[in-house]
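Enquirer: Here it is, the structure in full.
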Amino acid sequence: MTSGGATVGGLAVKTGVAHWLHGYLMMTRWELGSLRMLLPLIVAVQVVIGGGFALGIGLFFDQIPERNALFLSTGVAVVTLITVGLVLGPQLVGNQKSAGTYDFMWSLPVPRTTQAAAWTTVNSVIALPGMVAALLIAQWRYELPLQFSFSLIPAVLLTIVTATMIGYAFAHAIPKPMITQLITQLLIFFILGFAPINFPPENLPAWLANVNMWLPFHHMAVVIRDGLTDGLVGDVGRSYLVLGLYTAGSVALAALVIGRRD
Amino acid sequence: MVLESPLAPSPVTVGMGPRWWFRSYLMMMRFDVRGLGQWLMIGVVIQILMGAGMGIMYGFYLGDVPAVVKTFLATGVPALALIPIGFVMVPNMVGQQRVAHTYDFLWSLPVPRLAAAASTFTVFTLFALPGVATGLGVGVWYYGVELDVSWMVVPAVLLTSLMTTSVGFGMAHGIKNPVVINFITNMIVFFVTLFSPIVVPIAQFPAWLASIHRALPFYHMAVVIRDGLSTGLVADVGRSYLVLGLWTVAGWVATAWVVGRRG
Chain Y
3 MTSGGATVGG LAVKTGVAHW LHGYLMMTRW ELGSLRMLLP LIVAVQVVIG GGFALGIGLF
63 FDQIPERNAL FLSTGVAVVT LITVGLVLGP QLVGNQKSAG TYDFMWSLPV PRTTQAAAWT
123 TVNSVIALPG MVAALLIAQW RYELPLQFSF SLIPAVLLTI VTATMIGYAF AHAIPKPMIT
183 QLITQLLIFF ILGFAPINFP PENLPAWLAN VNMWLPFHHM AVVIRDGLTD GLVGDVGRSY
243 LVLGLYTAGS VALAALVIGR RD
Chain S
-13 MVLESPLAPS PVTVGMGPRW WFRSYLMMMR FDVRGLGQWL MIGVVIQILM GAGMGIMYGF
47 YLGDVPAVVK TFLATGVPAL ALIPIGFVMV PNMVGQQRVA HTYDFLWSLP VPRLAAAAST
107 FTVFTLFALP GVATGLGVGV WYYGVELDVS WMVVPAVLLT SLMTTSVGFG MAHGIKNPVV
167 INFITNMIVF FVTLFSPIVV PIAQFPAWLA SIHRALPFYH MAVVIRDGLS TGLVADVGRS
227 YLVLGLWTVA GWVATAWVVG RRG
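So the sequence lines, in the order shown, correspond to chains Y and S.
Every position in the first sequence, counted from 1, becomes a number in the working numbering once 2 is added.
Position 231 of the second sequence, counting from 1, maps to 217 under the working numbering, and the rest follow consecutively.
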């Protein structure tokens, strides 16, 4: 049994695509299995958050203009994806650290990249029902002319991967779960308040809108809006470019963090 | 050297009187501040950031709005900034004490239990004020709002803070499981920031939700504070004071019921 592998101290270390895929499937089963009891609850909370934003923000307006309603409804889809990656993910890793299962996970005989990939898959399983529910609730409440296109698929994937990998890098790099939680909560507070996700960018002062051109969150909203509406956003190419760079950067950062051996 | 009879009362004196009460109160405040330690500084900074941030971010959601809406928004922020202190930090602090097993120890300290409760109220009110002031200041500056401040803002802020701390205290002592407390406090924050008529008029809300809010404390917190900061925006302030007073008493009753028991 030495097919395509090296031997370290009598233990066979396997490599190859088949081994990686096998490891990825096993880790996905593992992560889903360990969340078994929590999974329905987490998905339900995601639905409540997404639906809550769609309905609650509408209450701020006496009569919500259709343009605002469109931005809000498509924005809540983005919010559900970002909160899973940036807030829920790091908290689950923090729980593993508190419970002492974290080091055990790293000791499993699978490539660490399969763990990151499995984590992204699990986050998608959690995030997607929330996103669909939020869109349905918003659609029911505001009766908007949403138009789905296939570009929604890469847009959602890029958003999930980027948000998940940023949260993943945080959660693994910072030893104390309390600090991770504090940082992620402040982050989501400022993202929801100061990035044009749930509202049009012209509501921001010019300098803040410019800052957002260099951050990923505005572009996540642009590409997802492009997949959900017709003509609400322009210059999607630039957004795909910026978001793509952030995706690559966040994956590299996560790889750097989990590649360390200490 | 006096030999004590084994039947004599223990040498620990149980103090009484206002002076002793006041001394206990001061000592408990020192104890509470030290206990919070480094979290106190972090907490104050977060309070200030969030207070200022909330004032501005609601404006981004609303877009270009008339002056009266801006005034409404700016005068709602102080109430919003007070809510996390009483409804989130106080119950979670007590929850932490249960997890760390200091909860029973605290109740065993030889001070009047009311002095301990009064200390918690004072510390957390002082803790909240920088965020309240910053939130208001930033809102006024950003929206160019003109306030009409009356002395009524003092009892309004004090009663509001007392109410949130009392309800938070009662909730924390009544519910034994810290996980449940954490869940409830998160739900309160979610409900308050998205579904409460604090920065917008209650008239915009559907009738059923408005009537729920007339019984809950959040809307009334905003009414009494807004009344102290502006003229002509709110009516029927007396009723709001009454509702807040009732919630405060309810918090005390819950606390007294739990604290008064000798388990």
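The C-beta atom is built at its ideal place from N, Cα and C for all residues, glycine as well.
Being a predicted model, the structure only gives us computed values, none of them experimental.
Indicate the three-state DSSP secondary structure (helix, strand or coil) for Y:Lys178 in the structure shown.
Expert: One-based indexing of the first sequence puts residue 178 of chain Y at position 176. It is coil, neither helix nor strand.
Enquirer: So which residues on chain Y does S:Gly37 lean against when the C-beta distance must stay under 8 Å?
Expert: By 1-based counting over the second sequence, the position of residue 37 of chain S is 51. The contacting residues do not exist; S:Gly37 stays about 12 Å from chain Y at best.
Enquirer: Does the beta carbon of Y:Asn97 sit closer than 8 Å to a beta carbon anywhere in chain S?
Expert: In the first sequence, the residue the question calls residue 97 of chain Y occupies position 95. Y:Asn97 does not count as touching chain S.
Enquirer: Can you tell me whether S:Met(-13) is buried or exposed, with buried defined as 16 or more other CB within 10 angstroms of its CB?
Expert: Taking the first residue of the second sequence as 1, we reach residue -13 of chain S at position 1. Low confidence applies to S:Met(-13): its pLDDT is 49, below 50, so where it sits in the model is not reliable, and the reading given next is rough at best. Residue environment for S:Met(-13): exposed (fewer than 16 other C-beta atoms within 10 angstroms of its C-beta).
Enquirer: For Y:Phe63, which residues from the same chain have a beta carbon less than 8 Å from its beta carbon, with the 5 sequence-adjacent residues on both sides left out?
Expert: Taking the first residue of the first sequence as position 1, residue 63 of chain Y is located at position 61. If we look at Y:Phe63 and ignore the five residues flanking it on each side, its Cβ neighbours are Asn70.
Enquirer: Enumerated in chain order, which unbroken segments of the alpha helix (DSSP H) with a length of 4 residues or greater are wholly contained in the stretch 117 to 204 of chain S?
Expert: The stretch 117 to 204 of chain S contains these whole alpha helix (DSSP H) runs: 139 to 160, 164 to 181, 193 to 201.
Enquirer: Take the Cβ of Y:Phe152 as the centre, count every other Cβ of all protein chains shown within 10 Å, and call the residue buried at 16 or more, exposed below.
Expert: As a first step, residue 152 of chain Y is located in the first sequence; it is residue number 150 there, counting from the start. Label assigned to Y:Phe152: exposed.
Enquirer: First and last residue of the alpha helix (DSSP H) that includes S:Asp258?
Expert: Missing from the structure shown is residue 258 of chain S; chain S here goes from -13 to 249 and no further.
Enquirer: Could one say the Cβ of S:Gln190 lies closer than 8 Å to chain Y's Cβ atoms, at least one of them?
Expert: Counted from its first residue, the second sequence places residue 190 of chain S at position 204. By this cut-off, S:Gln190 is an interface position.
Enquirer: Skipping 5 residues on each side, what residues in its chain have a beta carbon closer than 6 Å to that of S:Val140?
Expert: By 1-based counting over the second sequence, the position of residue 140 of chain S is 154. If we look at S:Val140 and ignore the five residues flanking it on each side, it has no Cβ neighbours.
Enquirer: Closer than 8 Å by beta-carbon distance: list the chain S residues that pair up with Y:Gly195, in chain order.
Expert: Here residue 195 of chain Y corresponds to residue number 193 of the first sequence, with the count starting at 1. Under the 8 Å cutoff, chain S gives Gly39, Met40, Ile42, Met43, Phe46.
Enquirer: Exposed or buried, what is S:Gln24 when buried is set at 16 or more other beta-carbons lying within 10 Å of its beta-carbon?
Expert: The residue you call residue 24 of chain S lines up with position 38 of the second sequence. Per the 10 Å Cβ criterion, exposed.
Enquirer: What separation, rounded to the nearest whole angstrom, lies between the Cα atoms of Y:Leu90 and S:Asn163?
Expert: Along the first sequence, one-based indexing puts residue 90 of chain Y at 88. Along the second sequence, one-based indexing puts residue 163 of chain S at 177. Roughly 22 Å between the two C-alpha positions.
Enquirer: Give me, in chain order, the residues of the same chain whose beta-carbon lies closer than 6 Å to that of S:Gly249; leave out the 5 immediate sequence neighbours on both sides.
Expert: Locating residue 249 of chain S in the second sequence gives position 263, counting from the first residue. Because S:Gly249 sits at a pLDDT of 47, beneath the cut-off of 50, its placement in the model cannot be relied upon, and the following sentence gives the value as read from the coordinates. Cβ neighbours of S:Gly249 beyond the five flanking positions: none.
Enquirer: Between the C-alpha atoms of S:Asp213 and Y:Gly52, what's the straight-line distance to the nearest angstrom?
Expert: Reading the second sequence from its first residue, position 227 is the one you call residue 213 of chain S. Reading the first sequence from its first residue, position 50 is the one you call residue 52 of chain Y. Each residue's alpha carbon lies about 34 Å from the other.
Enquirer: Please go through the same chain and pick out, in chain order, the residues whose beta-carbon is closer than 6 Å to the beta-carbon of S:Gln83, but skip the five residues on each side of it.
Expert: Walking along the second sequence from the start, residue 83 of chain S turns up at place 97. Cβ neighbours of S:Gln83 beyond the five flanking positions: Tyr89.
Enquirer: Closest by CA to Y:His174, which one among Y:Ile193, Y:Arg114, Y:Arg227, Y:Asn205?
Expert: Position 172 of the first sequence, counted from the first residue, corresponds to residue 174 of chain Y. Residue Y:Arg114 is the option with its Cα nearest to Y:His174.
Enquirer: Any chance you could list the alpha helix (DSSP H) runs of at least 4 consecutive residues sitting entirely within the stretch 45 to 125 of chain Y, in chain order?
Expert: 68 to 85, 91 to 101, 104 to 109
Enquirer: Output yes if chain Y places a C-beta closer than 8 Å to the C-beta of S:Phe91; else output no.
Expert: Sequence index remark: in the second sequence, residue 91 of chain S carries index 105 (1-based). No, its Cβ sits nowhere closer than 8 Å to a Cβ of chain Y.
Enquirer: Using the Cα positions of S:Gly231 and S:Leu145, report the straight-line distance between them to the nearest angstrom.
Expert: Position 245 of the second sequence, counted from the start, is the residue given in the question as residue 231 of chain S. Position 159 of the second sequence, counted from the start, is the residue given in the question as residue 145 of chain S. Between S:Gly231 and S:Leu145, the C-alpha separation is close to 8 Å.
Enquirer: Y:Arg262: which of Y:Trp108, Y:Leu23, Y:Gln141, Y:Pro207 sits nearest, CA to CA?
Expert: In the first sequence, residue 262 of chain Y corresponds to position 260, counting from 1. Answer by Cα proximity: Y:Trp108.
Enquirer: Just verifying my parser: in three-state terms, what is the DSSP assignment at Y:Trp216?
Expert: One-based indexing of the first sequence puts residue 216 of chain Y at position 214. DSSP places Y:Trp216 in coil when its eight states are reduced to three.
Enquirer: May I have the straight-line CA-CA distance separating Y:Gly251 from Y:Pro218, to the nearest angstrom?
Expert: By one-based count along the first sequence, residue 251 of chain Y stands at place 249. By one-based count along the first sequence, residue 218 of chain Y stands at place 216. Using only the alpha carbons, I get a separation of about 11 Å.
Enquirer: Enumerate in chain order the residues of its own chain whose CB-to-CB distance from S:Val220 is below 6 Å, with the five nearest sequence positions on each side excluded.
Expert: As a working mapping, residue 220 of chain S is identified with position 234 in the second sequence. Taken in chain order, the residues that qualify are Val209, Arg212, Asp213.
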